[in-house]
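A short write-up of the structure that comes next.
2 protein chains.
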Amino acid sequence: MFESAELGHTIDKVTYGALVPKLREDLLNAQFDLSQQSSFPVILLIDGVDGAGKGETVNLLNAWMDPRHIEVHAMGEKSDEERERPPMWRFWRALPPKGKIGIFFGSWYTAPIVQRVMGKTKAADLNQSIDEINRFEKMLTYEGALIIKFWFHLSQEAQRKRLKGLEKDPKTRWRVTELVWERLKLYSKFRKISEQALRATSTAEAPWIVIEGTDPRYRSVSVGKILLEAMRQRLDHPVTAILSNVPPLQAPLDRLNVFNKLDMSQKIVKNTFDSELEKYQGKLNLLTRDERFHNMSVIALFEGSDAAGKGGAIRRITNALDARHYHIIAVAAPTEEERAQPYLWRFWRHIPRIGRVTIFDRSWYGRVLVERVEKLCSETDWLRAYGEINDFEEQLVKNNTVLVKFWLTITKDEQLRRFREREKTDFKRFKITEEDWRNRKKWNAYETAVCDMIDRTSTEQAPWTLVEANNKNFARIKILKTLCQQIEFHMKKKS
Amino acid sequence: MFESAELGHTIDKVTYGALVPKLREDLLNAQFDLSQQSSFPVILLIDGVDGAGKGETVNLLNAWMDPRHIEVHAMGEKSDEERERPPMWRFWRALPPKGKIGIFFGSWYTAPIVQRVMGKTKAADLNQSIDEINRFEKMLTYEGALIIKFWFHLSQEAQRKRLKGLEKDPKTRWRVTELVWERLKLYSKFRKISEQALRATSTAEAPWIVIEGTDPRYRSVSVGKILLEAMRQRLDHPVTAILSNVPPLQAPLDRLNVFNKLDMSQKIVKNTFDSELEKYQGKLNLLTRDERFHNMSVIALFEGSDAAGKGGAIRRITNALDARHYHIIAVAAPTEEERAQPYLWRFWRHIPRIGRVTIFDRSWYGRVLVERVEKLCSETDWLRAYGEINDFEEQLVKNNTVLVKFWLTITKDEQLRRFREREKTDFKRFKITEEDWRNRKKWNAYETAVCDMIDRTSTEQAPWTLVEANNKNFARIKILKTLCQQIEFHMKKKS
């Protein structure tokens, strides 16, 4: 992997001087077109060994291009707001919007590689990280991002020389810290592990480009040319559709599905309801005040048919909580800033800090429900969403988040009854819209979508809870009870 | 101020039961209309003495209304991201957008009052905070926000009783901490200082409403009714224009202004330029690596006529910096999320952390320049902007930010020459647009606006630097030199 980056590549001064003016002009033009088209973001990763010219190159790209449309993110120490979220949160919040170039100086590769080199993780952990990274980058590519990954390489001897040189010059001495020398001792281990990581993440969507870091002119022109070509290629040949290899989903041949096996007649009478409500609300309240709650967070999400009673169920939960500790996200149409980002971005931004509860009234599952049925996204988009959502949820769960997913189901008859009832009351919040009636006509299409969703996203780490909601009392108690159980289960597991 | 909140107000159970259902329905309706109109945010402050029912009331409001459109912000410990910015940053980032209700549980009053009670600040500090708060709230009101401020009061005896009661109940015992008892000892001091703060901040725009906290029914219905009436009043009688008392600005009677006193013929020849550029870029680079730089931040903002050379000047600065430490904000039209917030919100979100440089290519001064001349906002809006901007900048400067403001000026003839030159090159980035020619026709109007801006916002803490930019070399050196001087000056002052 690194052999051809140890050959001592160079470009002489004259050639460099002849190449650069045109390269800069072309890069500026490409950047201008990128900004005008605003149809995709460019994500540039700059990684590699210390002293190989990473910083210089980033500065040079800023000097060559228009720095107003480049966002550089140096990923140093995490802030406490970052430490309280899954590790990828800090990268999600820094993703460039469409039309911009984002340079990550230090990236999602840094921690997995460095920790493995330092012996803090095992081979299996690195493999898992690699797997996660591949899925993450694939998602970014599907979402339209152009990802360009540069690895700056130096042979051990070249690195030693380079560091000595930096150390001699008073202007650059500050860059050569103790830590850097420490790391040089681990060179061969670092090389071996990076090579492994690079090989496994050099995918068709986002191959690694290894750059020899010895000669500044050589590395600068190489990076500039590759960046230019990648941008130009994409700008001149916009990707219209990425084909998917997933075979079309098949509805089961009989009519049997998870829903028609439910006992929709279950109910709870008023008296029992009142005492159960008090019991579980009290329990939930105590759980959120438990000492152990300070190290975890809760996300409860609600999906369901129209008029299934999501709002009422949510209120029964929040009534048990302290308003200072929860936040409800009512998912509506994405804003302009959200539309300029990958689909999951607008949910990542609402991930709670520890000790908090976030309730999603509708959620990321919109992708495989309304967006699928109403054809608001392509088939490829919603098909890949199942895997992306599972990956997302895995990160939440790993980060000590109790993720509870409720699907509230009512029968078609019950929905009709509720629609009619709502039409009768003039209490405008409940006005039934044309859209509700339109959705109702697509009952079967929605049912298919929901069954597929349950099949593909009800995982061990984040199972769906189907809630028989024909009887509101029954639904509300089942929800409260489930939520309490999941939190308790998590607390016991951790202690 | 507090006398009528120590009378022992109560509402009996029967009256309460009769009032509440209608109140809840009306509140829900008001909230629904607020969300539909989406024309203003509601900012609710909940402050007052411990144990007076603040938390209970917030929970109740969430239970009575639709919690999906209420954002509760408990302002506890600052995160490190918050500590590195001016104290008001955390409130700005939490402001509710139009159409939503934001409840601040603990607010911009908490720190000034508590610190004064604890003897950590002087009377003059409190007075200054009060002054700042009044201007801040006035700005929010002008921006359309409905601010409702509740102060929950208890007499010392009532507070002692209430705390005893909470302590006895195992469910609420956790709320009565050592700190709470400590604070009770300071009751009369707390009372005196709060009264002073309340009196001085009970403005026409946002009067305080003192609520007696003894009887839960009384305080709940009081808060609900006041909130309802304030919302209803505003929803049914939208504010179309807030009249300003500022007399119209007058251009000076002669033609003399800050610009025609400038010596626009100043230039620097190529050779001198090269050596000066190296000198000041080197100096700037060293300054940003200085130890003392870790405790401060820099904001440099650029305004100027079209074609005055802002972009080129900015690049001469960034070339001297490490790309990891600066961020350039090219100010364009506000996004949808930004339009739902007060004008300055979109600049507050880009305030740098310490140790960083943020460069604004155009800035908040757009309000008093293009928005004034093109009549994109009302006269009142841009007239009040001068004071609001000065307040904003004062907060930055107080927070150890070196704020350097450049106005790049060229003569009308030089602009024409540059426009023509740009038209000749086919390098599309520099394509001259119709808009540029249109702006040029308004040269005089812009000149008036700029002179007013300089007069009103060139303060001792954040003076404007006028840059004679007919000669690009001269302008670039003057800018670099000024920036270095300001940073040095700040470092010396602090050490």
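Protein sequence lines, in the order shown, are assigned to chains A and B. At position 428 of the first sequence (counting the first as 1) the number is 428 in the numbering used here, and the numbers step up by one without a gap. Counting the second sequence from 1 gives a position; the numbering used here is that position plus 1000. Glycine included, each C-beta is placed from N, C-alpha and C at the ideal position.
Go through its chain and collect everything with a Cβ distance to residue i's Cβ below 7 Å, but skip five positions before and after it.
| i | result |
| --- | --- |
| residue 74(A) | 105, 106 |
| residue 1308(B) | 1408, 1409, 1410, 1469 |
| residue 1238(B) | 1039 |
| residue 1397(B) | 1403, 1461, 1462 |
| residue 273(A) | 473, 477 |
| residue 418(A) | 307 |
| residue 350(A) | 329, 358 |
Output needed for residue i: all residues of its chain with C-beta closer than 6 Å, excluding positions within five of it in sequence on either side, in chain order.
| i | result |
| --- | --- |
| residue 1116(B) | 1126, 1193 |
| residue 1401(B) | 1297, 1299 |
| residue 1101(B) | 1042, 1070 |
| residue 1064(B) | 1024, 1027 |
| residue 85(A) | 351 |
| residue 377(A) | 371 |
| residue 424(A) | none |
Please check the pair residue i and residue j, which I expect to be a contact at CB under 8 Å, by giving their CB distance rounded to whole angstroms.
| i | j | result |
| --- | --- | --- |
| residue 1449(B) | residue 1372(B) | 5 Å |
| residue 1321(B) | residue 1285(B) | 7 Å |
| residue 1200(B) | residue 1141(B) | That pair is no contact at about 17 Å. |
| residue 1011(B) | residue 1215(B) | 7 Å |
| residue 6(A) | residue 178(A) | 26 Å between Cβ atoms; not a contact. |
| residue 1111(B) | residue 1087(B) | 7 Å |
| residue 323(A) | residue 1058(B) | 5 Å |
| residue 1174(B) | residue 68(A) | Going by Cβ atoms, the distance from residue 1174(B) to residue 68(A) rounds to 51 Å, so no, they are not a contact pair. |
| residue 1(A) | residue 198(A) | 6 Å |
Looking at the unbroken alpha helix (DSSP H) that takes in residue i, where does it start and where does it end?
| i | result |
| --- | --- |
| residue 1061(B) | 1054–1064 |
| residue 478(A) | 472–494 |
| residue 1035(B) | 1013–1037 |
| residue 138(A) | 123–142 |
| residue 405(A) | Looking at the DSSP string, residue 405(A) is not in any alpha helix (DSSP H); the run it does join, the beta strand (DSSP E), is 401–409. |
| residue 1371(B) | 1370–1373 |
| residue 396(A) | 379–398 |
| residue 166(A) | 156–168 |
| residue 1280(B) | 1270–1289 |
| residue 235(A) | 216–236 |
| residue 1194(B) | 1187–1201 |
| residue 446(A) | 443–457 |
Return the chain-ordered list of same chain residues with a C-beta closer than 8 Å to the C-beta of residue i, the five sequence neighbours on each side being excluded.
| i | result |
| --- | --- |
| residue 1302(B) | 1310, 1313, 1314, 1359, 1360, 1361, 1362, 1363, 1406, 1408 |
| residue 159(A) | 49, 50, 51, 52, 184, 187 |
| residue 465(A) | 404, 405, 406, 407, 478, 479, 482 |
| residue 1391(B) | 1132, 1135, 1136, 1139 |
| residue 1446(B) | 1305, 1369, 1373, 1439 |
| residue 1494(B) | 1292, 1295, 1296, 1400 |
Since residue i is in the beta strand (DSSP E), which residue starts that stretch and which ends it?
| i | result |
| --- | --- |
| residue 1146(B) | 1146–1153 |
| residue 364(A) | Premise fails: residue 364(A) is in no beta strand (DSSP E) and is neither H nor E. |
| residue 419(A) | Where residue 419(A) is concerned, there is no enclosing beta strand (DSSP E), although the alpha helix (DSSP H) it sits in stretches over 412–424. |
| residue 1213(B) | Where residue 1213(B) is concerned, there is no enclosing beta strand (DSSP E), given that its DSSP letter is neither H nor E. |
Could you work out which residue in the options is closest to residue i when comparing CA atoms only?
| i | options | result |
| --- | --- | --- |
| residue 1459(B) | 1415(B), 1394(B), 1446(B), 1433(B) | 1394(B) |
| residue 195(A) | 492(A), 10(A), 130(A), 254(A) | 130(A) |
| residue 325(A) | 1100(B), 1055(B), 1275(B) | 1055(B) |
| residue 3(A) | 210(A), 342(A), 382(A), 20(A) | 210(A) |
| residue 438(A) | 83(A), 370(A), 463(A), 473(A) | 370(A) |
| residue 144(A) | 59(A), 179(A), 114(A), 34(A) | 34(A) |
| residue 1435(B) | 1346(B), 1305(B), 1351(B) | 1305(B) |
| residue 1484(B) | 1381(B), 1444(B), 1316(B) | 1316(B) |
| residue 1386(B) | 1416(B), 1445(B), 1456(B), 1425(B) | 1456(B) |
| residue 262(A) | 72(A), 344(A), 475(A) | 475(A) |
| residue 343(A) | 13(A), 389(A), 379(A) | 389(A) |
| residue 413(A) | 487(A), 443(A), 204(A) | 443(A) |
By the criterion of Cβ-Cβ separation under 8 Å, what are the contact partners of residue i in chain C?
| i | result |
| --- | --- |
| residue 1174(B) | This model lacks chain C altogether, as its protein chains are A and B. |
Q: Determine, using beta-carbon pairs with one atom in the segment 1354–1371 of chain B and one in the segment 1292–1304 of chain B, whether at least three such pairs fall under 8 Å.
A: Yes, they touch.
Q: Say whether the segment 31–45 of chain A touches the segment 158–177 of chain A, bearing in mind that this needs 3 or more beta-carbon pairs closer than 8 Å, one atom from each stretch.
A: no
(Q) Is it the case that the segment 223–234 of chain A contacts the segment 148–167 of chain A, given that we only count it when at least three CB pairs across the two stretches are under 8 Å? (A) yes
Q.
Could you check whether the segment 1322–1342 of chain B touches the segment 327–339 of chain A, counting it as contact only if at least three pairs of C-beta atoms, one from each stretch, sit closer than 8 Å?
A. Yes: the two stretches touch, three or more of their Cβ pairs being nearer than 8 Å.
Q) Is there contact between the segment 1220–1229 of chain B and the segment 1019–1039 of chain B, where contact requires at least three CB pairs shorter than 8 Å? A) yes
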